[in-house]
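Sequence order for the protein chains is A and B. Under our numbering, residues 969 to 1155 are what the first sequence spells out, in order. Under our numbering, residues 14 to 447 are what the second sequence spells out, in order. Just so you know, even glycine gets a beta-carbon here, dropped at the ideal spot from N, CA and C. Since the structure comes first, as structure tokens, the remarks are kept for the end.
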Amino acid sequence: MNNRRADVRGHAEGDERFAAVDTHIRKTRHSQDQLIQTLHVAQDIFGHLSHDLMAHVATELRLPPSTVYSVATFYHLFRLDPPGEHQCTVCTGTACFVKGSESIVGKLSAEYGLAPGQTTDDGRLTLRTARCLGSCGLAPVTVLDGRIQAHQTPEGTLEQVGRMLDPHALLPEPADEIAPDDGRRAV
Amino acid sequence: MATTLTPILSEFWDEPESWTLRTYESHGGYQALRTALARKPEEIVDLVKASGLRGRGGAGFPAGLKWSFLPAPDGGPRYLVVNADESEPGTCKDIPLLMASPQTLLEGMVIACYAIRAERAFVYLRGEVVHVYRRLLRALEEARGAGYVGRNILGSGFDLEIVMHAGAGAYICGEETALLDSLEGRRGQPRLKPPFPAVAGLYSRPTVVNNVESIASVPSIVHNGPDWFQDMGTERSTGFGLFSLSGHVKRPGQYEAPLGITLRELLDMAGGLRDGNELKFWTPGGSSTPLFTAEHLDVPLDFESVAAAGSMLGTRALQIFDHTTCVVRAVLRWMEFYQHESCGKCTPCREGTYWMTQVLRSLEAGEGSPEDLDKLLDVCDNVLGRSFCPLGDGATSCVTSSLQYFRDEYLSHLTHGGCPFDPMESTLFAGASA
Ligand SMILES: Cc1cc2nc3c(=O)[nH]c(=O)nc-3n(C[C@H](O)[C@H](O)[C@H](O)COP(=O)(O)O)c2cc1C
Ligand code: SF4
């Protein structure tokens, strides 16, 4: 039996990923106000927040499980279900909405048989919608595997998603290259 | 007299690698910090007060006055928290600013902390924008390396630590007290005021919460003096600001101009509406501010004039909609947003946004009845002024103002048996795939 006082406690199942979460908790000295950051770390490691994982965080931070659950369900970025291998998020903020994000979502939904929030049966693609991403000048906007794509069209996005799912395709330009252009100024 | 743009915050956004410390310093960056450190903290507070700088996060509260509300130092911690949660639909100024010149914010933070004698500051950044988070971390590293942040800044004896904090996705966390709860690791729900954050904020300690743009404006004020700032804008809305144009304009983006500029002037600079279409309605300050129409093209965009015309300057997020847009559909979309983002703490907002979404949905589908319009107004009446925080109030703005200007369009949904507009007409790719 492990010594429960040991620094890295791990998890009864012996899953080493729990130890990685514990390392973060120890670094932040078990402080309860680090709950959100801890959940971010846990989700990065596991991909989503399972009940088991939330219970583990609760124990380590000495918080009631209900507190951890209530925080995890309050914030949109936390996922309680496992996501697909690739992610496509369509911004449905006002500017994107009037400029056609609804038909982009419709096209993708029809093609992959998904409602927003769902993952394909083979676990390859998750389709999501997001509130305004603050890139209204680039509307309509999508985010493919963390990279912002500007001026999207239903056909264009569909093609890009197809390429994203193709293991041999090149990845699109990183988001950093695109975002500053949003700051256009007429002179 | 035509107003011209005043690129101050956005002066060198177009330069390559505008975000580096080197670029910032080559444009006089951190000179203001040297000026500030040579003076007494109270003098800086007075200087910002004299400039008339009003908060750029929506409410327009005078920044210097807010700083002066902090109680005298008692030896315990005091904090500056920069609100970078930018989530109001249509608002897209802070994020481009942080991407293009993060050092401007950092210099402003160091000066502000020196002025209010805070030794620890936080940036609360919305969680979705990971690329901005990375850029901020890099900028902080650069500033620390150059001795602008950390211990004994520029030999002045002043210490400051800055923490970058990424949120986890919730519009309500932009509200300053919800933000503080979130920063403490809890659900982001607003706190009862008073006590105000200046007295009991983060960890119940004196805290100043300011918007990114407010703090980023401080270095230029310190450098050029309050009179320079006051010469721009109007008497009670001094200075310049970033105006974010989005929607049906030819060249959407950020336009930095003195407060008091009009939409007509901004539209000229942005190339007008696409395809020469007609302006139908617009928001002066994001979705929480009552709609304006073409008759408001010449309203000076300063706090007082916009209020006198029945709306609010808010965050200067000008969302422009042309005549192809169905106003009911736009309002429904906004209401779905508020319903989704209502934090659930108080009943008027939690239930009101839910019911208004239902009513708007049936109206948009042409299934409601004319009495539904009065029902909407009745619900608004029960939400406005009865909500715990301004989110609920803001949710009613688009409903009441759209009913004021476009009642007939609501009714035409009923006579038409559905939406009389083709949603494809308002899209970016209208005509392309038809
Ligand atoms: C629902 C809601 C959302 C808000 N979102 C933001 C935001 O994203 N950024 C911001 O700076 N202020 C936001 N505010 C305003 C803040 O509460 C606060 O007034 C502001 O940060 C103060 O800074 P300032 O005085 O520099 O403007 C929001 C307010 C409400 C009620
Ligand atoms: S008005 Fe809405 S967002 Fe604000 S406290 Fe009430 S429920 Fe929460």
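Query                                                                                                                                                : Result
Under 6 Å Cβ to Cβ from Val976/A, same chain only, skipping five residues before and after it: list those, please.                                   : In this prediction, Val976/A scores a pLDDT of 47, lower than 50, which makes its location untrustworthy; no coordinate-derived value is stated.
Quick test of your reading: Asp315/B and Gly273/B, contact by CB under 8 Å. State the CB separation rounded to the nearest angstrom.                 : 4 Å
On the three-pair Cβ rule with 8 Å, is the segment 212-223 of chain B touching the segment 120-140 of chain B?                                       : yes
Closest by CA to Ser999/A, which one among Asp1012/A, Gly982/A, Gln1011/A and Val1025/A?                                                             : Val1025/A
Run the CB neighbour count on Asn165/B, radius 10 Å, all protein chains shown included, and call it buried at 16 or more, exposed below.             : exposed
Among the residues of its own chain, which have a CB less than 8 Å from the CB of Ala322/B, if the five just before and after it don't count?        : Phe305, His309 and Val312
Does DSSP put His998/A in a helix, in a strand, or in coil?                                                                                          : coil
Quick one: Cα of Phe74/B to Cα of Ser227/B, how far?                                                                                                 : 10 Å
Are there 16 or more other CB atoms within 10 angstroms of the CB of Leu150/B, so buried, or fewer, so exposed?                                      : exposed
Between Cys105/B and chain A, is the shortest Cβ-Cβ distance under 8 Å, so that the two count as touching?                                           : yes
Just the Cα atoms here: how many angstroms apart are Leu18/B and Arg249/B?                                                                           : 19 Å
Rank Ala270/B, Ala443/B, Thr296/B and Leu292/B by C-alpha distance to the C-alpha of Gly327/B and give the top, closest one.                         : Thr296/B
I'd like the ranges of any alpha helix (DSSP H) spanning at least 4 consecutive residues and lying wholly in the segment 79-166 of chain B.          : 107-113, 115-129 and 143-158
Alpha carbon to alpha carbon, how far is Gly254/B from Gln267/B?                                                                                     : 10 Å
I'd like to know whether the C-beta of Trp347/B is nearer than 8 Å to at least one C-beta of chain A.                                                : yes
In the DSSP assignment, what residue or residues form a beta bridge with Asn223/B?                                                                   : Val95/B
Looking only at DSSP bridge pairs, what is Trp295/B linked to?                                                                                       : Phe305/B and Ile333/B
Interface residues of chain A around Ser259/B at Cβ under 7 Å?                                                                                       : Ala1063, Cys1104, Gly1105 and Ala1107
Which ranges would you report for the alpha helix (DSSP H) in the segment 178-215 of chain B if only whole runs of at least 4 residues count?        : 189-196
Report the residues of the segment 1032-1045 of chain A with a CB closer than 7 Å to any CB of chain B, ordered along the chain.                     : Ser1038, Val1039, Phe1042, Tyr1043, His1044 and Leu1045
DSSP three-state call for Gly168/B: helix, strand or coil?                                                                                           : helix
Which residues in the same chain have their Cβ closer than 8 Å to the Cβ of Met348/B, if we skip the five residues on either side of it in sequence? : Thr366, Met369, Thr370, Leu373, Ala408, Cys411 and Val412
Roughly how many angstroms separate the alpha carbons of Ala1078/A and Glu155/B, rounded to a whole number?                                          : 47 Å
Please confirm whether any heavy atom of ligand 2 lies closer than 7 Å to the CB of Lys358/B.                                                        : yes
Give the residues from the segment 986-1017 of chain A that approach chain B closer than 9 Å (Cβ to any Cβ), ordered along the chain.                : Ser999, Gln1000, Asp1001, Gln1002, Leu1003, Ile1004, Gln1005, Thr1006, Leu1007 and His1008
Helix or strand or just coil, what does DSSP make of Leu173/B?                                                                                       : strand
What is the residue span of the beta strand (DSSP E) that Leu258/B lies within?                                                                      : Phe253 to Gly260
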